[in-house]
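K.L.:
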Amino acid sequence: MAKQRLDKILASTGKWSRREAGELARHGQIVVDGVLVRSADEKADPDTAKIIVKGERLEYQAFIWVMLNKPAGYLSATEDGRDATVLDLLPEELQRRNLFPVGRLDKDTEGLLLLTNEGILAHALLSPRRHVDKVYYTRVAGRLDAVDCAAFAEGMSLADGLQCQPAGLEILKAGEESEALVTLREGKFHQIKRMLAARGKPVLYLERIQMAGLELDRTLSRGSFRFLTGKEVENLRKLV
């Protein structure tokens with residue numbers, strides 16, 4: 003990687019602002035490859051340089067990938083003037099890393115949401131040409147049946163003009179309240195709710211449980227997160 007200013011490198015970790023990085027340098031608290039630096043204007047290669055800040059080795063990551071178990075009540079956005087967003091669930095140092103949701107979940111939808119600052123890979127995963135599967139668990143009012151499954155598989159044309167691509171509907175339980183898994187390769191606004199409403203079975207609950215081959219980590223409580231492993235990120239890259 004090309005050399006970058008030290009204040010930019012430190013700020014990219016989310017732990018310090020550029021101004022704070024300058025203060026650290028002026029107070030002799032940054033060492034680069036064994037040399038004390040007094041100005042955060044100096045440059046270093048974050049991939050190869052040994053950067054010590056306040057006595058600790060700086061661990062640099064250009065890109066971050068986070069799996070969040072989204073609770074209801076949060077917007078899949080980076081900011082909003084009225085409502086809380088999914089970024090509000092992250093610690094301050096991650097909020098500073100310019101993370102954004104990979105796609106969106108409705109405010110009342112729960113489950114798997116990826117957040118990252120790697121724009122190229124994120125947008126590739128969302129491209130309709132990639133056909134990346136997203137799997138949802140849903141509970142609906144009404145009895146789902148084979149006719150509903152066939153309608154999903156054929157691709158539905160909704161009264162509001164939405165033309166849906168073929169999708170999967172696997173019935174888990176049929177009754178006055180039915181349970182099912184829905185698999186989409188697209189993500190139009192309120193799509194699952196609109197499709198099931200068109201079948202006369204309004205959604206009572208919706209949770210995303212899988213995306214791009216990643217399953218929701220059930221050790222994560224609602225509102226908590228973890229970083230993706232190197233292998234998980236590698237698998238995302240293989241998809242695109």
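The number in our numbering is simply the position in the sequence shown, starting from 1, with 2 added.
Ideal Cβ placement from N, Cα and C applies to all residues, glycine included.
1. With a CB to CB cut of under 6 Å and the five nearest residues on each side skipped, what residues in its chain are close to Ala-155?
2. In three-state terms, what does DSSP make of Lys-1?
3. Looking at C-alpha atoms only, which residue of Ala-46, Phe-191, Asp-85 and Arg-98 is the closest neighbour of Ile-66?
4. My output table needs one value for Met-197: the three-state DSSP class, helix, strand or coil.
5. Quick one: using the 10 Å Cβ neighbour count with 16 as the cut-off for buried, is Val-205 buried or exposed?
6. Determine which residues share a DSSP beta bridge with Asn-71 and list them.
7. When we look at the beta-carbon of Gly-113 and count the other beta-carbons within 10 Å, is it buried (16 or more) or exposed?
8. Can you grab the Cα-Cα spacing for the pair Leu-1 / Gly-121, in whole Å?
9. Please list the segments of the beta strand (DSSP E) lying wholly inside the region 21-52, counting only runs of 3 or more residues, in order along the chain.
10. Quick one: using the 10 Å Cβ neighbour count with 16 as the cut-off for buried, is Leu-38 buried or exposed?
11. Evaluate Thr-221 with the Cβ neighbour count: other Cβ atoms within 10 Å of its Cβ, from every protein chain shown; 16 or more gives buried, anything less gives exposed.
12. If we count Cβ pairs, one from each stretch, closer than 8 Å, do we get three or more for the region 80-87 versus the region 40-55?
13. With 16 as the cutoff for other CB atoms within 10 Å, does Thr-118 come out buried or exposed?
14. Note the first and the last residue of the continuous beta strand (DSSP E) segment covering Ile-66.
15. Spatial neighbours of Cys-151 within its chain, please: CB distance less than 6 Å, with the 5 preceding and 5 following residues excluded, ordered by chain position.
16. Evaluate the contact criterion for the region 131-146 versus the region 224-236: three or more CB pairs, one atom per stretch, below 8 Å.
17. Verify whether the separation of the beta carbon atoms of Glu-94 and Tyr-139 is less than 8 Å.
P.N.:
Considering the structure as presented:
1. Pro-168
2. Look at the range of the chain in this structure, 3 to 242, and you will see that residue 1 is not part of it.
3. Arg-98
4. helix
5. buried
6. Leu-114
7. buried
8. Residue 1 lies beyond the residue range present for the chain, which begins at 3 and ends at 242; the question has no answer from this structure.
9. 32-34 and 37-39
10. exposed
11. exposed
12. no
13. buried
14. Looking at the DSSP string, Ile-66 is not in any beta strand (DSSP E), and its letter there is neither H nor E.
15. Leu-171
16. no
17. no
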